[in-house]
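**Student:** Below is a structure I'd like to ask you about.
2 protein chains.
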Amino acid sequence: MTARKERRSDCPISYVLDIFGDKWTFLVIRDLLLKGKKTYGEFATSDEKIATNILASRLVLLEDEGIISKEKDPAKGSRILYRLTQKGVDLLPVLIEMMKWSAVYDPDTNVPKEMVEHAKAHRDAFLNQILEDLKKDKYLLA
Amino acid sequence: MTARKERRSDCPISYVLDIFGDKWTFLVIRDLLLKGKKTYGEFATSDEKIATNILASRLVLLEDEGIISKEKDPAKGSRILYRLTQKGVDLLPVLIEMMKWSAVYDPDTNVPKEMVEHAKAHRDAFLNQILEDLKKDKYLLA
DNA sequence: CTGTATCCTTAGGGATACTG
DNA sequence: CAGTATCCCTAAGGATACAG
């Protein structure tokens, strides 16, 4: 069933959380975006062992939100392939920033070393640029 | 009580979700980072109306994770001020990317118009840059 | 005002079996 | 393999009262 969409507020952060505010939905995006996974079975066998009912409900949710789409595998009719829409692909920067943050602060995370270096080196410059924009009220919320 | 930390995997995205995988925690960060809120009462009166028990538990969680810290208001001893640590401030890029995404895809979001323009104009360039890095396996997960 | 505590309800989610 | 369905349980979370 389609989850009834009830916004808690008109805040853009809240909009993201209304869709992704749980421990699983972003992992499906990760699998599609960064692990090249495309099928139900591939999602189901990720390290975090998502339950099949949760997985199915998330795929429906993501399709309802226009973030993924389904198609039959042309090579094998019984197989269904999931792919990200543009709206889904555009989540990449969010994922990347999450990974950079973890790369810096999670000692146990398995992020490539060069990415850690990249993140640390660019962190200050990136933050300063954003803070500049903040000063111009570019991102300030009401 | 301190939530028992049980990682589901060593994935950096999963690390973020283990902390922020709910509908409320990021809103507290938003209030600190983008709304200039500092006190319990200010958090409690946000648009989304977080329950006080949830709020308190999230503040404990965030302090345990080293993302916020507490101090007494020097001007008023009974008042407690929360502030972000460096680890917390470094979440800003994540929040910003979330806002940019909402600015593009949520028709009802109340993001400043200039930010929408900014996001749309820079989206392709930004994605292309990340995709370049992806090709170099800079962000690829195992 | 800053929290705790308690009660209660619902939603999230694990395990597993089952269907096309 | 791609899902549904069911059972059951726990955690999340709303309401509210209360304490320092």
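Protein chains in written order, with the working numbering: chain B, 27 to 168; chain S, 27 to 168.
The C-beta atom is built at its ideal place from N, Cα and C for all residues, glycine as well.
Computed from a prediction, not measured in an experiment: that's the story for all the values here.
Would you kindly report the start and end of the unbroken alpha helix (DSSP H) that includes B/Asp48?
**Tutor:** From DSSP, B/Asp48 is part of no alpha helix (DSSP H); its letter is neither H nor E.
**Student:** Is the segment 31–49 of chain B close to the segment 122–138 of chain S, with three or more CB pairs under 8 Å?
**Tutor:** yes
**Student:** Can you list, in chain order, the residues of its chain with a C-beta nearer than 8 Å to that of B/Leu59? Leave out the 5 residues immediately preceding and following it.
**Tutor:** Leu110, Gly114, Val115, Leu117, Leu118 and Leu121
**Student:** Just confirm the distance between the C-beta atoms of S/Asp99 and S/Ile106, as a whole number of angstroms; I'd bet it's less than 8 Å.
**Tutor:** 7 Å
**Student:** Apply the 10 Å Cβ neighbour rule to S/Ala129 and answer buried if 16 or more other Cβ atoms are within range, or exposed otherwise.
**Tutor:** Here S/Ala129 is buried, its C-beta having at least 16 other C-beta atoms within 10 Å.
**Student:** Counting only beta-carbon separations shorter than 8 Å, does B/Val137 have a partner in chain S?
**Tutor:** yes
**Student:** Quick one: grab the DSSP three-state call for S/Arg34.
**Tutor:** coil
**Student:** Just verifying my parser: in three-state terms, what is the DSSP assignment at B/Ser40?
**Tutor:** helix
**Student:** Can you name, in chain order, every residue of its own chain whose Cβ lies under 8 Å from the Cβ of S/Ser40, other than the five neighbours on each side?
**Tutor:** Arg33 and Arg34, listed in sequence order.
**Student:** Give me the Cα-Cα distance between S/Phe52 and B/Lys96, rounded to the nearest whole angstrom.
**Tutor:** Their backbone Cα atoms lie some 30 Å apart in a straight line.
**Student:** What distance in whole Å lies between the Cβ atoms of B/Thr135 and S/Pro38, which are believed to be in contact at a cut-off of 8 Å?
**Tutor:** 4 Å
**Student:** Cβ of S/Lys96 less than 8 Å from any chain B Cβ?
**Tutor:** no
**Student:** Using a Cβ-Cβ cut-off of 8 Å, state whether B/Phe52 counts as contacting chain S.
**Tutor:** So, interface residue.
**Student:** Per DSSP, which residues does B/Ile106 bridge with? Please list them.
**Tutor:** B/Lys98
**Student:** Given a threshold of 16 other Cβ atoms within 10 Å of its Cβ, counted over all protein chains shown, does B/Glu91 qualify as buried or as exposed?
**Tutor:** Buried is the call here.
**Student:** Taking C-alpha atoms, which residue in B/Glu74, B/Glu89, B/Asp73 and B/Leu85 lies nearest to B/Tyr66?
**Tutor:** B/Leu85
**Student:** Closer than 8 Å, CB to CB, is S/Glu123 near chain B or not?
**Tutor:** yes
**Student:** Let me know the secondary structure DSSP gives S/Gly114 once reduced to three states.
**Tutor:** Three-state result, S/Gly114: helix.
**Student:** Here's a check: name, in chain order, each residue in its chain whose Cβ is nearer than 7 Å to the Cβ of S/Ile55, leaving out the five neighbours to either side.
**Tutor:** Gly114, Leu117 and Leu121
**Student:** Counting only Cβ pairs nearer than 8 Å, list the residues of chain B close to S/Glu143.
**Tutor:** Chain B residues near S/Glu143: none, gap ~10 Å exceeds 8 Å.
**Student:** One question on the structure: do B/Tyr108 and B/Lys64 come within less than 8 Å of each other, judged by their Cβ atoms?
**Tutor:** yes
**Student:** Using the Cα positions of S/Gln155 and S/Asp36, report the straight-line distance between them to the nearest angstrom.
**Tutor:** 26 Å
**Student:** Three-state secondary structure (DSSP) at B/Pro119?
**Tutor:** Note: B/Pro119 maps to helix in three-state DSSP.
**Student:** Rounded to a whole number of angstroms, what is the C-alpha to C-alpha distance between B/Glu74 and B/Leu88?
**Tutor:** 19 Å
**Student:** What three-state label does DSSP hand B/Ser128 in the structure shown?
**Tutor:** helix
**Student:** Output yes if chain S places a C-beta closer than 8 Å to the C-beta of B/Thr28; else output no.
**Tutor:** Bear in mind that a pLDDT of 36 at B/Thr28, under 50, signals an unreliable position, so the model cannot answer this.
**Student:** Going by CA-CA distance only, name the one from S/Lys146, S/Ala70, S/Val42 and S/Lys61 that's closest to B/Gln112.
**Tutor:** S/Lys146
**Student:** Would you mind sorting B/Ser104 into buried or exposed? The rule is 16 or more other CB atoms within 10 Å of its CB.
**Tutor:** exposed
**Student:** Quick check: is any heavy atom of the ligand NAD less than 7 Å from the C-beta of S/Ile93?
**Tutor:** Summarising the ligand content, the structure contains no ligands, and the ligand NAD is consequently not present.
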